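Below is one structure; the comments refer to it alone.
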Amino acid sequence: MIKSAKMKHSLMLYITLFLWVLTGGSVFSVMERNVLMLVFLACVLYHIFVNKSKLRANLTKSFVIVLLFVLFIIFINYVFSIKPQDIVKYIYIYMIFFTQGLFCIFVFSVFSYKRFISIFYRILKFIRLHAILNALIVTFFSFILFQHKVNDFNGYPVDTFYYIFNRFADQYSFNIGGISLIRNQGLFWEPGVLQLYLNLLLFFQLYIIKNNKFELGLTFLAILTTYSTTAYFICILTSSIAIVSLIKRRPLIILPICIVAFVFIFPFILGNVNNKLNGNNETSSMVRLYDLLQQWVVIKENFLVGVGLDDQRYAAIRDIYQLPQETLSYLGISPENRGSSNSIFFLLGTLGVPFSIVFIVAYIKQVFILRYKWLISLVLLLSVMVEPLLLKPFLVTFIISGLFIIFSKSQIRKSPFLIWKQDIN
C-alpha cells in the first residue's frame, strides 16, 4: 500500500515537471493553451496540498513580495502604455507569474537540488528520444501526420498526429544525397524551440551528469535533425570547453575523432547556412536582422515604460516606427503587423528598459541550473533571442526563481543552493 502510494506520488512529480516543460513552447501549448495551463495549475495545487506541511515560510514570504513587485510593474506598464491594450492579456501574464510562483514554492520545498536535476534530466532524455522518432516520421513516414490544424488566434499551422508527432505545415526542406530533409521540431512549435531543450540536455551530459559516448552521440544526432543554425551554434559553444579539455588530455585520440565528426556534419551545417542566406528560407535571417534594427527604434523611443505588453497591439505599434525604405528593400521584409522573434528586444520594447533589465537579471540569476552558471546563462539568453519564448510559463519560472533570490535574505543571495530543500555539496 505504501509502495503504491509512493509510486503514484512519484508519477505525479514526473507528470507535473513534464507539463512544466510543455508550457515552454510545445505544439500542444500553442493549440490548447488554456487546457494545458489549467491541468498544470491543478497538478501544482495538488502537490502544494499534499506537501503543505513541508512548505517553507521564507519561500511564501518571497512569493508574496515577488507577486506584489510583478503586479506593480504590470500596473505601471498598463497605465503608461500606448492605448488601446487588451487588459485580458495583462491578467493572463500575471496569472502565469502566479502559477509559476506556486510551482517554485512546491519545487524548492519538496525537491533537493540533486533530485530535481535527476528528474529534469530524465524528462530531457525523453524529449531527445521523441525528437529522434519525430525526425524519422517527418522524413520517411509523413503520412502518419494526417491531421492538419490551424490555430484560430495566431494562424499557426501544423501537420500532426494528436500533437504527439508534429511538422510545421510550411516548414522548408533541403536535399542531401537525394533525401529531402525536413527540419525536426519534436513536441515543440519550431526547431528553434526544440533546440533549447536538446542543448540543455547536452549541457547536463557534459557538465553535470557525465554520460558515455553513445548517450552524447544520440544528443548530437537529435540536435543535428533540427537543421537550425542557432542549435548548431549553441551546441558548438556548449561543447567547446569539454572538447578542448579532452583534446589536451588525449590529443592523439580525440583530435582525429573531432575532425571526422566535423567532416560528417559539415554538409548539414553548410546546407543549412546556405539555405538561410541564399535559399528558400533566406527570409529567416533577414527577419531576425530586421527585428534587431527596427525594434531598436521602438526601444529608443519608449525607453522608460515601453509601449505595452499586449503582443498583438505591439505588432501594430511597430508599424509606426519604420526603417528607411532602402533598408526594407534590401532586407526584403514586409513590415506590416509583424511580431517579434527576439524575446529580449520584445521585452525591452513592451516593458521598457528599467523593468526589463530587472527581469533579464532575474532570468540570468535563475536557480534551477547552478553549475557553470555563465555558460548556461549564455545558452538561455541566446535561445530567447531567436524565439519569442521569454514570457512563456516554463521560462517565466526561471525569472521568478531569480526574483526569489533577489528578494531573499543575504545568505541565500550569496549561496543560491540554500533556496533548495537541503544543502548540496
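So the sequence shown is numbered by my numbering: it starts at 650 and just counts up by one. Quick reminder that beta carbons are idealized off the backbone N, C-alpha and C, glycines included. None of the values given here were measured: they were computed from a predicted structure.
Query                                                                                                                                                                                  : Result
Between the segment 1027-1045 and the segment 716-729, can you find at least three pairs of beta-carbon atoms closer than 8 angstroms?                                                 : no
Write down every uninterrupted run of the beta strand (DSSP E) in the segment 781-853 whose length is 3 residues or greater and which is fully enclosed by it, in chain order.         : 796-799, 806-810, 814-817, 822-825, 828-831
How long is the line joining the alpha carbons of Val699 and Leu867, rounded to whole angstroms?                                                                                       : 37 angstroms
Per DSSP, what kind of secondary structure is Ser711 in: helix, strand or coil?                                                                                                        : helix
If I'm right that Val947 touches Val956 with Cβ under 8 angstroms, what's the distance once you round it to whole angstroms?                                                           : 7 angstroms
Quick one: what does DSSP say Ser761 is sitting in, helix, strand or coil?                                                                                                             : coil
Check each candidate in Leu668, Glu950, Phe747, Lys774 and name the one with the smallest Cα separation from Ile1048.                                                                  : Phe747
Identify whether Ser675 lies in helix, strand or coil by the three-state DSSP scheme.                                                                                                  : strand
Run through the segment 690-739 for me and flag every whole alpha helix (DSSP H) of 4 or more residues, listed as ranges in chain order.                                               : 706-728
Give me, in chain order, the residues of the same chain whose beta-carbon lies closer than 6 angstroms to that of Gly928; leave out the 5 immediate sequence neighbours on both sides. : Only weak support exists for where Gly928 lies, its pLDDT of 47 falling under 50; the value from the coordinates is given anyway. For Gly928, where only same-chain residues beyond five positions count, there are no Cβ hits under 6 angstroms.
Taking Cβ positions, are Thr672 and His696 nearer each other than 8 angstroms?                                                                                                         : no
Under three-state DSSP, which class holds Ser1064?                                                                                                                                     : coil
Ends of the alpha helix (DSSP H) at Thr999?                                                                                                                                            : 992-1000
Does the Cβ of Ile766 have 16 or more other Cβ atoms within 10 Å, making it buried, or fewer, making it exposed?                                                                       : buried
Assign Trp1023 to one of two classes, buried (16 or more other C-beta atoms within 10 Å of its C-beta) or exposed (fewer than that).                                                   : exposed
Does DSSP put Tyr663 in a helix, in a strand, or in coil?                                                                                                                              : helix
What residue range does the alpha helix (DSSP H) around Val1033 cover?                                                                                                                 : 1022-1033
According to DSSP, is Phe769 helix, strand or coil?                                                                                                                                    : helix
Answer yes or no: do Leu851 and Cys884 have a C-beta to C-beta separation smaller than 8 angstroms?                                                                                    : yes
Compute the distance between the beta-carbons of Trp838 and Gly1051, then report whether it is under 8 angstroms.                                                                      : no
How is Lys774 classed by DSSP in three states: helix, strand or coil?                                                                                                                  : helix
Pull up the distance between the alpha-carbon of Pro1042 and that of Tyr663, whole angstroms please.                                                                                   : 17 angstroms
Please state whether the Cβ-Cβ distance between Pro840 and Ser894 is less than 8 angstroms.                                                                                            : no
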